[in-house]
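Engineer: I have a structure here, written as structure tokens, and I will follow up with some questions on it.
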Amino acid sequence: MEIAVLNIKGESTGRNILLDPSLFKIDYNDHLIYFDLKRYLASQRQGTNQTKERSKLSGSTRKLHRQKGTGSSRKGDIHNPIFRGGARVFGPRPRSFHQKLNKLAKSLVKKSILSQKVKDNAIKVVEDFSFEKPNTKKFLSLLRSFKLENKKILFVLKTPDKKLYLSARNLQGKKIITVNEINSYDLLNSVKLICFESAFCKIQENLKKVI
């Protein structure tokens, strides 16, 4: 299995990258992908939501009326949760929504998604390039050369490139990340994956480390 390396105009450079079958010929494991997506989305939650319970409210703690003799039901202070403006019972407290997934499972999820994208011909490898300055028009012409200007695209770089990031920031459906930021959500949320040659080699190298 091989994948062609293209230039900035979308033309073949004559070079190919050999794909390791142990990485890019994996069956699509939707059940494991579900767990990883659930873990990723849960980790995006801030977990800072909080409401005031009875002990947290400030104000009078005076008993509203005596216990007996009024003909009314017994009551404590005005912070009683049954009253309007009273405290919340068992309200949310700040907590972490982090969910654990084994390193091997996370690696298998990436292999599974990338294998499917290779099968669907949804991965393009481009030789490394950079802009002299941020240029959205130039970035858009690059997408047109690949006929991908109206698609959801995920660009993967080996190292951060601020000029390239700023060039794509104003384009809808286009996201630029580095190899270390790859996750199942972004991979599944994109129609096409465009990798720099150095980034694609690094992806293979990283996936081989986890056996």
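So the sequence shown is numbered by the UniProt record's numbering: it starts at 1 and just counts up by one. Every residue, glycine too, gets a C-beta built ideally from N, C-alpha and C. It should be emphasised that the depicted structure is a prediction, and the values quoted were computed from it without experimental measurement.
Go to Leu171, then tell me how far its beta strand (DSSP E) extends in each direction, as first and last residue.
Structural biologist: No beta strand (DSSP E) holds Leu171; DSSP gives it neither H nor E.
Engineer: Taking only the alpha-carbon atoms, compute the straight-line gap between Ile194 and Lys147 and give it to the nearest angstrom.
Structural biologist: 12 Å
Engineer: Any chance you could list the beta strand (DSSP E) runs of at least 3 consecutive residues sitting entirely within the segment 120-147, in chain order?
Structural biologist: If we require 3 residues or more, the beta strand (DSSP E) runs fully inside the segment 120-147 come out as 123-126.
Engineer: Within 10 Å of its beta-carbon, does Ser167 have 16 or more other beta-carbons around it, so buried, or fewer, so exposed?
Structural biologist: buried
Engineer: Who does Asn16 pair with in a DSSP beta bridge?
Structural biologist: Ala4
Engineer: Closest to Ala42 by C-alpha separation, out of Asn29, Arg95 and Lys174, would be which residue?
Structural biologist: Arg95
Engineer: Can you find the residues in the same chain that come closer than 6 Å, C-beta to C-beta, to Gly173, ignoring five residues on each side of it along the sequence?
Structural biologist: Correct list, in chain order: Lys152.
Engineer: Helix, strand or coil: which one does DSSP assign to Lys63?
Structural biologist: coil
Engineer: Report the option in Asp20, Ser12, Ile8 and Gly10 whose CA atom is closest to the CA atom of Val118.
Structural biologist: Asp20
Engineer: If Leu171 and Thr136 are in contact, beta carbons under 8 Å, what's the gap, nearest whole angstrom?
Structural biologist: 7 Å
Engineer: Just how far apart, CA to CA, sit Ser130 and Asp161?
Structural biologist: 8 Å
Engineer: Over the uninterrupted beta strand (DSSP E) stretch that includes Ile33, give me the two end residues.
Structural biologist: For Ile33, no beta strand (DSSP E) run applies; the uninterrupted alpha helix (DSSP H) run containing it begins and ends at Asp30 to Ser43, by DSSP.
Engineer: State yes or no: is the C-beta of Glu205 within less than 8 Å of the C-beta of Val5?
Structural biologist: no
Engineer: Quick check on Val210: does DSSP put it in helix, strand or coil?
Structural biologist: coil
Engineer: Have a look at Leu142, Thr178, Lys103 and Glu132 and flag the residue whose alpha-carbon is nearest the alpha-carbon of residue 213.
Structural biologist: In the structure displayed, the chain extends from 1 to 211; residue 213 sits before or after that span and is not available.
Engineer: Run through DSSP, which three-state label would Leu106 get?
Structural biologist: Before going on, a small fix: residue 106 reads as Lys here, not Leu. Looking at Lys106 - three-state DSSP - the assignment turns out to be helix.
Engineer: Considering Cα atoms alone, identify which of Ile176, His79 and Leu32 is closest to Ser112.
Structural biologist: Leu32
Engineer: Out of Pro81, Leu23 and Gly10, state which residue places its alpha-carbon closest to the alpha-carbon of Leu140.
Structural biologist: Per the C-alpha coordinates, the member of Pro81, Leu23 and Gly10 positioned closest to Leu140 is Gly10.
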